[in-house]
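**Student:**
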Amino acid sequence: MQQAEQYYAPYNVLKNSCKDSRSSGMQFSFQAQDEQFFTLDSSPTTDYVVNDSPPALSVSSNRSPFSPQCSQSYMSDLHHSSDNTCGSPLSGCSGIDDCDLRHVLRELENKLLGPESDTDDSCSCSLNDMVSKPASVTRWNRVLDMAPGLNLKELLDACAEAVSDADISTAEALMRALEQRVSVSGEPMERLGAYVLEGIRARLLSSGSIIYKKLKCKELTGSELLSYMQVIFNMCPYYKFAYMSANVVIREAMMNENRIHIIDFQIAQGSQWMFLLHDLARRPGGPPFVRITGVDDDESAYARGGGLQLVGERLAEVAKSCGVPFEFHGAELSGCEVQLENLRVKHGEALAVNFPYMLHHMPDESVSTINHRDRLLRLVKSLSPKIVTLVEQESNTNTAPFLPRFRETLDYYTAMFESIDAARPRDDKERISAEEHCVARDVVNIIACEGADRVERHELFGKWRLRLMMAGFTPCQLSPSVGETIKDMLKEYNPNYRYAESEGALYLGWKNRALATSSAWR
Numbered sequence: 001m002q003q004a005e006q007y008y009a010p011y012n013v014l015k016n017s018c019k020d021s022r023s024s025g026m027q028f029s030f031q032a033q034d035e036q037f038f039t040l041d042s043s044p045t046t047d048y049v050v051n052d053s054p055p056a057l058s059v060s061s062n063r064s065p066f067s068p069q070c071s072q073s074y075m076s077d078l079h080h081s082s083d084n085t086c087g088s089p090l091s092g093c094s095g096i097d098d099c100d101l102r103h104v105l106r107e108l109e110n111k112l113l114g115p116e117s118d119t120d121d122s123c124s125c126s127l128n129d130m131v132s133k134p135a136s137v138t139r140w141n142r143v144l145d146m147a148p149g150l151n152l153k154e155l156l157d158a159c160a161e162a163v164s165d166a167d168i169s170t171a172e173a174l175m176r177a178l179e180q181r182v183s184v185s186g187e188p189m190e191r192l193g194a195y196v197l198e199g200i201r202a203r204l205l206s207s208g209s210i211i212y213k214k215l216k217c218k219e220l221t222g223s224e225l226l227s228y229m230q231v232i233f234n235m236c237p238y239y240k241f242a243y244m245s246a247n248v249v250i251r252e253a254m255m256n257e258n259r260i261h262i263i264d265f266q267i268a269q270g271s272q273w274m275f276l277l278h279d280l281a282r283r284p285g286g287p288p289f290v291r292i293t294g295v296d297d298d299e300s301a302y303a304r305g306g307g308l309q310l311v312g313e314r315l316a317e318v319a320k321s322c323g324v325p326f327e328f329h330g331a332e333l334s335g336c337e338v339q340l341e342n343l344r345v346k347h348g349e350a351l352a353v354n355f356p357y358m359l360h361h362m363p364d365e366s367v368s369t370i371n372h373r374d375r376l377l378r379l380v381k382s383l384s385p386k387i388v389t390l391v392e393q394e395s396n397t398n399t400a401p402f403l404p405r406f407r408e409t410l411d412y413y414t415a416m417f418e419s420i421d422a423a424r425p426r427d428d429k430e431r432i433s434a435e436e437h438c439v440a441r442d443v444v445n446i447i448a449c450e451g452a453d454r455v456e457r458h459e460l461f462g463k464w465r466l467r468l469m470m471a472g473f474t475p476c477q478l479s480p481s482v483g484e485t486i487k488d489m490l491k492e493y494n495p496n497y498r499y500a501e502s503e504g505a506l507y508l509g510w511k512n513r514a515l516a517t518s519s520a521w522r
């Protein structure tokens, strides 16, 4: 894994169609019953709070909240506790007793973890004694020989490494072995493995972009796609985390404002604002005037079964029912196309801007000299908003080369598939369809595509922080009520979901893996 910014939130169903650090680790401790220690992997901090679903834990650290103590951060050290199911597959000899195979495993682990990994060196035979052919040829021959003894994650990693080394014959042989081990109705790793395998195959066939477009569900009806989105929404807290944390921030920032303008750069169905309208209706002294500008692309329109006017009509009905003066403006275009005139900002209105799982689709300087990612941030800053909310996946798939990007994707989505597995039976047909149509395409895109075709380009919160500060924003400390709201929301879900606060950002994770962050800026 590369040293700089190599480690990194929930997936997003409604995509923008435009193509266009690792930080130093620290350890800390806390007091809680039967709890592990945690660490946080982002920009250095002094103090923050880590939480399971119910208890709040005070800690002092500047590392990730979702990693075991006494190791490097989960995302920067693949040696971690045995109960972490998203960890390195190569932490030993995988039960293979043959001396040659042990050395091959050690060789693979050295490539993954570096030469200082603390694996067992008890095997007395020397690798030098065994090597009589060129090293690379010998290594891949042995990998193929030992493939039946590898677990699924090891086999996937070996296949990706063969692809990275342009050893196509080895990759194809490993893919044939993988076909017998994956299943869309199996365990989390088997289900994820099925989609990862498709991504590898698409990469070799240079068809990743085609598959990604097909998996955008255009063969489904809009109502079918919307129903699968609803399944994901109900199974996992990722969207609620985004909506609820942003709503609390916006409501508090606009407490004394009589005219509010909200620009939502991924408005989707507009459901987030129904809850906020009800909250504003109960404000002492009467509700404010609310104007919402919704930005969205044609794919969201397909899922809705119509344009943004449907969202406006729906929100207008809610606003009328609770007595909130309301106006809606729809901007049906992608974030790459947004210009100042599309946003209709008016003098005398307090402005809030919402970026919900959206900015990572904007191509940055590594893709285009236009750099829409930073251009859009600078545009928003020029509007002098009172508050900006950002929710993103805590992952690093933007500029990482193929192999470390593959490993990061495998770790990230392993945690996500485990969280989905906890919510629905493995043979649940709705879950299978929702994963296929609303998650698999992201995996395929990250693994199979490069350049402008790769639109899933996540970054760590530390990198987002730098981008926002360079655009002129300053971070806003989240109030305790934001964390309390998320804490109460997580009571409805599996206790393996955790949240943590750090430097004004709120993290959501599954077990020891951070998956999403929510932050506020001005």
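In terms of full-length UniProt numbering, the sequence shown has 268 at position 268, counting the first letter as 1, and numbering is strictly consecutive. Just so it is clear, CB atoms sit at the ideal spot from N, CA and C, and this is done for glycine as well.
Taking 7 Å as the limit between beta carbons, can you name the residues of its chain near Val196, skipping five residues before and five after?
**Tutor:** The answer, listed in chain order, is Leu156, Leu410, Val443 and Ile447.
**Student:** Roughly how many whole angstroms lie between the Cα atoms of Thr397 and His360?
**Tutor:** Cα to Cα, the separation comes out at about 9 Å.
**Student:** Would you list the one or two residues that DSSP bridges to His329?
**Tutor:** DSSP output for His329 lists Thr293 as bridge partner(s).
**Student:** Contact defined as beta carbons within less than 8 Å: I believe Pro363 pairs with Ala452. What is the distance between those atoms, to the nearest angstrom?
**Tutor:** Rounded, the Cβ-Cβ distance is 7 Å, consistent with contact.
**Student:** DSSP on His372, reduced to helix/strand/coil?
**Tutor:** Helix.
**Student:** Comparing alpha-carbon positions, which option in Val455, Ala423 and Leu460 lies nearest Val367?
**Tutor:** With distances taken between Cα atoms, Val367 lies closest to Val455.
**Student:** Under the rule that 16 or more other beta-carbon atoms within 10 Å means buried, what is His261, buried or exposed?
**Tutor:** Answer is buried; the Cβ neighbour count reaches 16.
**Student:** Check the C-beta distance from Pro288 over to Glu257 and give it rounded, since I have them as a contact under 8 Å.
**Tutor:** Sure, about 6 Å apart at Cβ, within 8 Å.
**Student:** Could you give the distance in angstroms between the alpha-carbon of Tyr243 and the alpha-carbon of Gln266?
**Tutor:** Spanning the two alpha carbons is a distance of roughly 11 Å.
**Student:** Specify the secondary structure class of Glu501 as computed by DSSP and reduced to three states.
**Tutor:** Correct three-state label for Glu501: strand.
**Student:** Got a sec, what are the start and stop residues for the beta strand (DSSP E) Leu390 sits in?
**Tutor:** Looking at the DSSP string, the run of the beta strand (DSSP E) that includes Leu390 is Ile387 to Gln393.
**Student:** Kindly indicate which three-state DSSP category Ile267 falls into: helix, strand or coil?
**Tutor:** Coil.
**Student:** Only counting runs of 3 or more residues, tell me where the beta strand (DSSP E) segments fall wholly within the UniProt region "SAW" (448–522), in order along the chain.
**Tutor:** As far as the UniProt region "SAW" (448–522) is concerned, its whole beta strand (DSSP E) runs of at least 3 residues are 497–502, 505–510 and 513–521.
**Student:** I need the DSSP call for Asn234, collapsed to helix, strand or coil.
**Tutor:** Asn234: helix per DSSP, three-state reduction.
**Student:** State the Cα-Cα distance for the pair Ala171 and Asn496, rounded to the nearest angstrom.
**Tutor:** Taking the straight line joining both Cα atoms gives about 35 Å.
**Student:** Use the C-beta contact count for Met358: other C-beta atoms within 10 angstroms, 16 or more gives buried, fewer gives exposed.
**Tutor:** Answer is buried; the Cβ neighbour count reaches 16.
**Student:** Does DSSP put His361 in a helix, in a strand, or in coil?
**Tutor:** His361 falls in the helix class under three-state DSSP.
**Student:** Just to confirm the assignment, what range does the beta strand (DSSP E) spanning Asn398 have?
**Tutor:** From DSSP, Asn398 is part of no beta strand (DSSP E); its letter is neither H nor E.
**Student:** What residue from Ala162, Leu192 and Trp140 has the CA that sits closest to Ala440's CA?
**Tutor:** Checked all of Ala162, Leu192 and Trp140; the closest Cα to Ala440 is Leu192.
**Student:** For Val353, does the three-state DSSP call read helix, strand or coil?
**Tutor:** Strand at Val353.
**Student:** Could you check if Ala166 is buried or exposed, using at least 16 other CB atoms within 10 Å of its CB as the buried criterion?
**Tutor:** The residue is exposed, with fewer than 16 neighbouring Cβ atoms inside 10 Å.
**Student:** Pop quiz: Leu478 and Leu506 are said to be a contact at Cβ under 8 Å. What is the actual Cβ separation, rounded to whole angstroms?
**Tutor:** Correct: roughly 6 Å between the Cβ atoms.
**Student:** Assign His347 to one of three DSSP states: helix, strand, or coil.
**Tutor:** Looking at His347 - three-state DSSP - the assignment turns out to be coil, as it is neither helix nor strand.
**Student:** Assuming contact is defined by CB atoms lying nearer than 7 Å, are Ala147 and Ala177 in contact in what I supplied?
**Tutor:** Against a cut-off of 7 Å, the Cβ pair of Ala177 and Ala147 comes out as a contact.
**Student:** Return helix, strand or coil for Arg259, following the three-state DSSP convention.
**Tutor:** Of the three classes helix, strand and coil, the one that applies to Arg259 here is strand, per DSSP.
**Student:** Beta carbon of Ala350, beta carbon of Lys386: below 7 Å?
**Tutor:** Cβ atoms of Ala350 and Lys386: closer than 7 Å.
**Student:** Is the distance from the Cβ of Leu383 to the Cβ of Val338 below 7 Å?
**Tutor:** Going by C-beta atoms, Leu383 is not nearer than 7 Å to Val338.
**Student:** How would you label Thr474, buried or exposed, when you count the other beta carbons within 10 angstroms and need 16 or more for buried?
**Tutor:** Thr474 is exposed by the Cβ-count criterion.
**Student:** Give me the Cα-Cα distance between Lys511 and Met416, rounded to the nearest whole angstrom.
**Tutor:** Their Cα atoms are separated by approximately 10 Å.
**Student:** With distances taken from CA atoms, which of Ile420, Arg407 and Leu460 is nearest Glu394?
**Tutor:** Considering only alpha carbons, the answer is Leu460.
**Student:** What would DSSP say about Val444, mapped onto helix, strand or coil?
**Tutor:** Three-state result, Val444: helix.
**Student:** Using only the alpha-carbon positions, how far apart do Ser433 and Ile232 sit?
**Tutor:** So the two alpha carbons sit approximately 10 Å from each other.
**Student:** Just verifying my parser: in three-state terms, what is the DSSP assignment at Arg181?
**Tutor:** DSSP places Arg181 in coil when its eight states are reduced to three.
**Student:** Based on Cα-Cα distance, which residue from Arg467, Glu501, Pro284 and His329 lies nearest to Arg373?
**Tutor:** With distances taken between Cα atoms, Arg373 lies closest to Arg467.
**Student:** By Cβ distance, which residues of its chain are closer than 6 Å to Ala173, with the 5 residues on each side in sequence left out?
**Tutor:** Once the five neighbours on either side are set aside, the close Cβ partners of Ala173 are Leu144.
**Student:** Here's the rule I'm using: 16 or more other beta-carbon atoms within 10 Å means buried, otherwise exposed. How should Gln180 be labelled?
**Tutor:** Label assigned to Gln180: exposed.
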